[in-house]
Amino acid sequence: SYTYGSLIRDEAIIANAYKQIYGTNNEELLQKISYTLLSKDYLSTQSTGYALYALAMGANLENMNENFMDATLKIGDQVHTIDQNQMQIFSFNNEKAIINANKDIFVSFGVEGVKAGENSAFSNKISLDRAFYDEKGNKISPSEIGSGQTFYMRISASLNEGANYVSNIALTQILPSGWEVSNTLLDDNTPS
Numbered sequence: 383s384y385t386y387g388s389l390i391r392d393e394a395i396i397a398n399a400y401k402q403i404y405g406t407n408n409e410e411l412l413q414k415i416s417y418t419l420l421s422k423d424y425l426s427t428q429s430t431g432y433a434l435y436a437l438a439m440g441a442n443l444e445n446m447n448e449n450f451m452d453a454t455l456k457i458g459d460q461v462h463t464i465d466q467n468q469m470q471i472f473s474f475n476n477e478k479a480i481i482n483a484n485k486d487i488f489v490s491f492g493v494e495g496v497k498a499g500e501n502s503a504f505s506n507k508i509s510l511d512r513a514f515y516d517e518k519g520n521k522i523s524p525s526e527i528g529s530g531q532t533f534y535m536r537i538s539a540s541l542n543e544g545a546n547y548v549s550n551i552a553l554t555q556i557l558p559s560g561w562e563v564s565n566t567l568l569d570d571n572t573p574s
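Numbering-wise, the sequence shown is residues 383 to 574 according to my numbering.
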């Protein structure tokens with residue numbers, strides 16, 4: 383191979399072209415690709431990707447029984463059939479979700495947003511305190527902050543009683559659009 387690719391990448395491309403041209407697999411080439419993947423040889427991401435793609439194309443997935451996975455999702459009283467050939471999105475609020483399948487399946491569960499009325503403050507091992515100050519160091523309410531006004535926000539973190547160690551913490555603060563953030567670590571004029 384006199385390109386930036388590798389021998390296995392070239393063989394994978396040839397295996398795919400063979401399948402498209404002749405409508406059948408080049409079993410000898412696919413076997414060679416699978417042995418290379420099984421070996422402990424270093425393979426680049428490109429080589430691995432092409433090899434896996436060639437094996438997937440050779441597996442004739444498009445000819446398999448369209449619904450060989452027999453799985454259902456029960457949300458509350460409703461039962462949904464899960465189609466393995468497409469991504470499906472289900473939403474629910476307080477119901478219980480139960481998946482029944484005839485074999486192991488992989489499911490991704492995601493939650494978006496915060497439920498209305500359930501955004502009360504809580505702490506677990508660490509407490510955060512946020513306070514706003516005007517330019518003279520007087521404590522103010524965030525609702526009193528006007529457009530173009532300079533103010534300071536102090537965020538303090540402390541361990542709760544019974545917590546003796548916390549590691550790998552990242553603190554974030556969501557600010558309204560239009561607020562300009564200044565790093566005042568080296569500024570001696572900030573209130574203490």
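Even for Gly, the Cβ is constructed at its ideal location relative to N, Cα and C.
On the CB-based measure, 16 or more other CB atoms within 10 Å of its CB, does residue i come out buried or exposed?
i      : result
Arg512 : exposed
Gln531 : exposed
Ser429 : buried
Gly560 : exposed
Glu600 : Here the chain comprises residues numbered 383 to 574, so residue 600 is not present and cannot be evaluated.
Asn565 : exposed
Gly440 : buried
Ala503 : exposed
Glu393 : buried
Ala397 : buried
On the premise that residue j lies in contact with residue i, defined as a C-beta separation below 8 Å, what is that separation, rounded to the nearest angstrom?
i      : j      : result
Ala483 : Asp452 : 7 Å
Asn407 : Lys401 : 6 Å
Tyr424 : Arg391 : Their Cβ separation, rounded to whole angstroms, is 13 Å, which puts Tyr424 and Arg391 out of contact at 8 Å.
Leu412 : Leu437 : 6 Å
Report the rounded CA-to-CA distance for residue i versus residue j, giving the unit in angstroms.
i      : j      : result
Ser523 : Phe533 : 11 Å
Thr418 : Ser426 : 12 Å
Glu543 : Ile508 : 9 Å
Ser529 : Pro558 : 12 Å
Lys521 : Val563 : 19 Å
Ile527 : Gly519 : 14 Å
Gly387 : Phe472 : 42 Å
Ser525 : Asp516 : 12 Å
Ser490 : Ile481 : 12 Å
Phe474 : Leu455 : 12 Å
Val548 : Asn506 : 10 Å
Across which residues does DSSP place residue i in a beta bridge pair?
i      : result
Asn482 : Thr454
Ser538 : Asp511
Val563 : Val563 is not bridged to any residue.
Thr463 : Thr454
Ile522 : Phe514
Open item on the list: Quick test of the definition: if touching needs 3 or more C-beta pairs under 8 Å, does the stretch 522-537 touch the stretch 503-512?
Closed with: The stretch 522-537, when compared against the stretch 503-512, does touch it at the 8 Å Cβ threshold.
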